Amino acid sequence: MSMFGFGKPQPSSAEKIAAAEQEMDLFTDMFNKLQQACMKKCVPKEYREGELNKGEGVCIDRCSSKFFDVQLKISELLQAEAAAKGATGGGFGIGGM
Amino acid sequence: MSMFGFGKPQPSSAEKIAAAEQEMDLFTDMFNKLQQACMKKCVPKEYREGELNKGEGVCIDRCSSKFFDVQLKISELLQAEAAAKGATGGGFGIGGM
Amino acid sequence: MSMFGFGKPQPSSAEKIAAAEQEMDLFTDMFNKLQQACMKKCVPKEYREGELNKGEGVCIDRCSSKFFDVQLKISELLQAEAAAKGATGGGFGIGGM
Amino acid sequence: MDGLTPTEQREFQSRMERKQMKEFMGMFSNLVGHCFDSCIDDFTTKSLVQRETGCVTRCVKKFMAGSERIGQRFQEQQAQMMNQPPPGQ
Amino acid sequence: MDGLTPTEQREFQSRMERKQMKEFMGMFSNLVGHCFDSCIDDFTTKSLVQRETGCVTRCVKKFMAGSERIGQRFQEQQAQMMNQPPPGQ
Amino acid sequence: MDGLTPTEQREFQSRMERKQMKEFMGMFSNLVGHCFDSCIDDFTTKSLVQRETGCVTRCVKKFMAGSERIGQRFQEQQAQMMNQPPPGQ
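Protein chains in written order, with full-length UniProt numbering: chain R, 1 to 97; chain W, 1 to 97; chain Y, 1 to 97; chain S, 1 to 89; chain C, 1 to 89; chain Z, 1 to 89.
Below you can see the structure in the form of structure tokens.
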């Protein structure tokens, strides 16, 4: 990390790397949450068979679709909240106390 | 951790940064645990209303207070345990096996 | 990871450090999962006594043993799966979509 | 954070910003996971029904209200700990 | 990731590889935790009984099938979001 | 960790120390979360009642006893794996 501390263009590319990493982290986190949520809702834990049966597959498709809707809805709500609080930034839990 | 502040400036400031980061991580972790614990104990998951009602608010206040007490109690117990084990350090789970 | 075996010692030792860190992380993660699983299965949450009683101790020993078996079984299944998919790598969840 | 060179201060600040961003993302994904789990139980449709949308909205509002209240208690307790010597010393 | 020097690109790539390895390990330990929790409930023996081994095998297969299906939906949704302006802009 | 320069060794050691501190903190916050969840269910008072304090004390003792026992099994298994070629090779 210390190797990025030298001329002009470099810090900006260190920032780019950090941003790309964070985006990847958010994707992974969201995928994990989605998987956890929809496996719990759609796949019983008895494991009497190794295949997904048709009902489970359809349930997973709908569950994923609703998960994306919830994600979008919540991001809209947070944006509206942030806008209502003005440009003061944060305003959430520990970050914005 | 504060005892490390005396050597040469370069390693010491890297140490300071690391210590400040760790403290911030512990705060965040504790806040998340507290929130998870007290939302679970005090706020039913039906979400028939968007406001915290009076009972929920009072419950959150008392729950937070008890959470801090538990945190303090456990840190005392761990310190007593460490003292009883003498200066051998660690002595817990994976770190001290 | 195997592609790093070529050039001067310095990048290779940074790689070594990273690999040692990752191994340590996996160990910690597995120990935590094991502890969580076997405390849940073997130790009731009432806490009427502070000692592990004999039954709980025996349960923990067997539970740990079965946990290692499951770990081994699953790693074999994943290896077989990877082999069946050929040298295309990945093939799992987000990494191999 | 005294005694840091300007370069170190910039580095520190940028790490703190990344950390806050990470915390915000963690909070967001927890909120999505929690409100989804609490509000969505009908998989006969592929889009949210009105009842579910309403539940999610209330879930977010209540979570934020609770989060704010817990945050106040947390801050008060931090302040109190600062003004008080640790026990047994 | 344009505008990176070759050294930076190597650094970036090696970090991404470590991240993927970490994700794989996280997935592995979650899978072990989940299938253990779902399948193992008999502590009168210290080795897996046949029923448990079978359950673990099916658990892994089903988890992978589910994971793949969810991954497809996830990718489709990412693709769709790319081709669509964000709402309200 | 052979072949490291002294500077690298120091860096490595300091990272390991930070990691151990992080693990200790993670263990601490898990312990607080677990014992709070198991022992505290009465919110008619704002201070711990005697029953709760006792429960927390036993919870910590039992957690540590269990942790130590599981740690022994974990170490034995690691040692055993070292002395045994992996299956199928």
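Even for Gly, the Cβ is constructed at its ideal location relative to N, Cα and C. Just so you know, these numbers come straight off a predicted model, no measurement behind them.
- If one requires a minimum length of 4 residues, no alpha helix (DSSP H) run lies completely within the UniProt domain "Tim10-like" (14–76) of chain C.
- Listed along the chain, the chain R residues whose CB falls inside 8 Å of the CB of K46(S) are D61, R62, S65 and K66.
- Nearest to C63(W) by C-alpha distance, out of T44(Z), M16(Z) and R10(Z), is T44(Z).
- Here DSSP, grouped into helix, strand and coil, assigns L4(C) to coil.
- Boundaries cannot be given for E46(R), as no alpha helix (DSSP H) includes it and DSSP labels it neither H nor E.
- Among the residues facing chain C, V43(Y) is not included, as its CB has no counterpart in that chain under 8 Å away.
- Rounded to the nearest whole angstrom, the CA to CA distance from A65(Z) to C35(Z) is 14 Å.
- For Q71(W), the enclosing alpha helix (DSSP H) has its first and last residue at K54 to A84.
- Listed along chain R are L34, Q35, C38, I60 and S64, each with a C-beta nearer than 7 Å to that of I70(C).
- The beta carbons of F67(R) and C38(R) sit closer together than 8 Å.
- In terms of Cβ geometry, Q36(W) and K22(Z) do not form a close pair [threshold 8 Å].
- Non-local beta-carbon contacts of I60(Y) in its own chain, meaning distances under 6 Å to residues more than five positions away in sequence, involve C38 and C42 in chain order.
- Taking K73(R) as reference, the option from G33(S), D41(S), Q72(S) and G26(S) with the minimal CA-CA separation is G33(S).
- Interface with chain W (8 Å Cβ-Cβ cutoff): F12(Z) is excluded.
- Not a single CB atom of chain C sits nearer than 8 Å to the CB of I17(Y).
- With a threshold of 8 Å between beta carbons, R51(C) makes no contact with chain Y.
- Here Q71(R) has M30 as same chain residues with Cβ atoms under 8 Å from its own Cβ, once five neighbours each way along the sequence are excluded.
- DSSP, reduced to helix, strand and coil, places Q35(Y) within a helical segment of the structure shown.
- Taking a 10 Å sphere around the C-beta of A83(W), we find fewer than 16 other C-beta atoms and assign the residue as exposed.
- Note on E76(S): under 16 other CB atoms within 10 angstroms of its CB, so exposed under the neighbour-count rule.
- Rounded to the nearest angstrom, the gap between the Cα atoms of A80(W) and F63(Z) is 15 Å.
- Its Cα nearest to that of M24(Y), the residue M16(Z) stands out among M25(Z), F28(Z), M16(Z) and P6(Z).
- Identification of residues in the region 52–63 of chain Z having a C-beta nearer than 9 Å to some C-beta of chain Y yields G54, C55, V56, T57, R58, C59, V60, K61, K62 and F63, given in sequence order.
- Using beta-carbon distances, F24(Z) does not count as an interface residue toward chain Y, since no partner is under 8 Å.
- Interface with chain S (8 Å Cβ-Cβ cutoff): E21(W) is included.
- L52(W) reaches chain S at K62, A65, G66 and R69, counting residues in chain order whose Cβ is nearer than 8 Å.
- In this structure, DSSP gives Q84(C) a state outside helix and strand, which the three-state scheme calls coil.
- At least one CB atom of chain W sits nearer than 8 Å to the CB of S29(Z).
- With a beta-carbon spacing of about 3 Å, K61(Z) and G50(Y) fall inside the 8 Å limit used to define contacts.
- Note on geometry: alpha-carbon atoms of I70(S) and S67(Z) lie some 31 Å from one another.
- The alpha-carbon of N30(C) is positioned some 30 Å away from that of S13(Y).
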